[in-house]
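Worksheet: one structure, shown below.
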Amino acid sequence: MMKNKGNIIFAMLLALIVIAAIAAMIIFNQKNSADESNTTEETAEIDVSGQPMLGKKDAPVTLVEFGDFLCPACKYYDMEIQPELIKKYVDKGELKMYFVNTPFHGADSLRGAHAAEYIRKNNPDKYWDFHNALFEAQPTTHTEGESWLTADLIKKTAQKIGIKHADKVVAAKEDEAVNHDIDLYKKHNVTQTPTIIIDGKTVSNPLEIKEIEQAIESAKK
14 MMKNKGNIIF
24 AMLLALIVIA
34 AIAAMIIFNQ
44 KNSADESNTT
54 EETAEIDVSG
64 QPMLGKKDAP
74 VTLVEFGDFL
84 CPACKYYDME
94 IQPELIKKYV
104 DKGELKMYFV
114 NTPFHGADSL
124 RGAHAAEYIR
134 KNNPDKYWDF
144 HNALFEAQPT
154 THTEGESWLT
164 ADLIKKTAQK
174 IGIKHADKVV
184 AAKEDEAVNH
194 DIDLYKKHNV
204 TQTPTIIIDG
214 KTVSNPLEIK
224 EIEQAIESAK
234 K
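Using my numbering, you'd call the opening residue of the sequence shown number 14 and step up by one each time.
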């Protein structure tokens, strides 16, 4: 009787150990899957020649942002997340960042893209000032289809950052550069802004700084 009871207890303990081991494996695999899901979607190498860049050319990790000046989420990324990445990685020479115009919102998006490309070509030292000023000018709240990125705003923004011939910025038609960017986002199947790609891997949540930092740290290894 005692022997049978001992066998039963042993069997129960063994079963509990097996169940615990299986549970641990499931949790471990789920964690790995969650970690990998942040940047598992790979893309072909992006041609960043001619794109505006922040950082040192020899920085080991490359971040490419596909963005639109009319996109509220892009404003959040550029105003809140990007400055933190600059302090933590770009200033230390560990990361370089590129921007690709992705004009998803019609004529106003294109107006902003043409103006930015004109400044990149003619006043490259003023590009990021203009870039950031356009995002800063984006209204915190505005209705769908409301036009705010006007010719007048572009002129005032150009003047604000010290561009002498602001009228030329307003009239800019940088078709070659803008069409190149459009070809890039189509080639890489970009369907939303911002899209953040780090060393060929797309970050699943570009508005979560921890995911971006995790992708950068992984690329540094």
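Glycine included, each C-beta is placed from N, C-alpha and C at the ideal position.
I need the boundaries of the alpha helix (DSSP H) containing residue i, first residue and last residue.
i	result
T208	T208 -> not in any alpha helix (DSSP H); beta strand (DSSP E) instead, spanning 208-211.
E189	188-200
P85	85-89
Y140	140-150
H127	120-135
P96	95-98
S217	Element bounds for S217: n/a, residue is neither H nor E.
Q227	222-233
K177	Note, K177: premise wrong, no alpha helix (DSSP H); not H, not E.
Between which two residues does the beta strand (DSSP E) holding residue i run?
i	result
V203	Careful: V203 lies outside any beta strand (DSSP E) and carries neither H nor E.
K109	108-114
T163	Counting along the chain, T163 falls outside any beta strand (DSSP E), and DSSP gives it neither H nor E.
E78	74-80
With a threshold of 16 other CB atoms inside 10 Å of the CB of residue i, please say whether the residue is buried or exposed.
i	result
A185	buried
G125	buried
K109	buried
S50	With a pLDDT of only 45 at S50, under the threshold of 50, the placement of this residue in the model should not be trusted, and no figure is reported.
N218	exposed
P96	exposed
D196	exposed
K223	exposed
Under 7 Å Cβ to Cβ from residue i, same chain only, skipping five residues before and after it: list those, please.
i	result
A72	G106, E107, L108, K109
K169	none
D81	C87, T115, P116, F117, H118, S122, T206
K69	G106, K109
D142	I174
V203	F79, T115
Just checking my contact of residue i with residue j at CB under 8 Å: how many whole Å lie between their CB atoms?
i	j	result
H144	A164	With a Cβ gap of about 18 Å, H144 and A164 do not count as contacting.
V74	I210	With 8 Å as the limit, V74 and I210 do not qualify as a contact, their Cβ atoms being about 11 Å apart.
V216	A228	5 Å
A190	V182	A190 to V182, Cβ: 14 Å. No contact.
L166	L83	Actually they are not in contact, since the Cβ atoms of L166 and L83 sit about 12 Å apart, beyond 8 Å.
F10	V113	Residue 10 lies beyond the range of the chain shown here (14 to 234); nothing can be said about it.
Apart from the five residues just before and just after residue i, which ones in its own chain have a Cβ nearer than 6 Å to its Cβ?
i	result
Q151	K88
V61	Y111
E187	H127, E130, Y131
K139	I132, I174
Among residues of its own chain, excluding the 5 on either side of residue i, which ones have a beta-carbon nearer than 8 Å to its beta-carbon?
i	result
K200	A57
I39	In this predicted model, I39 has a pLDDT of only 41, less than 50, meaning its place in the structure is not dependable; the value taken from the coordinates is given anyway. Correct list: empty, nothing qualifies.
G63	A190, H193
If we count Cβ pairs, one from each stretch, closer than 8 Å, do we get three or more for the region 101-117 versus the region 173-182?
no
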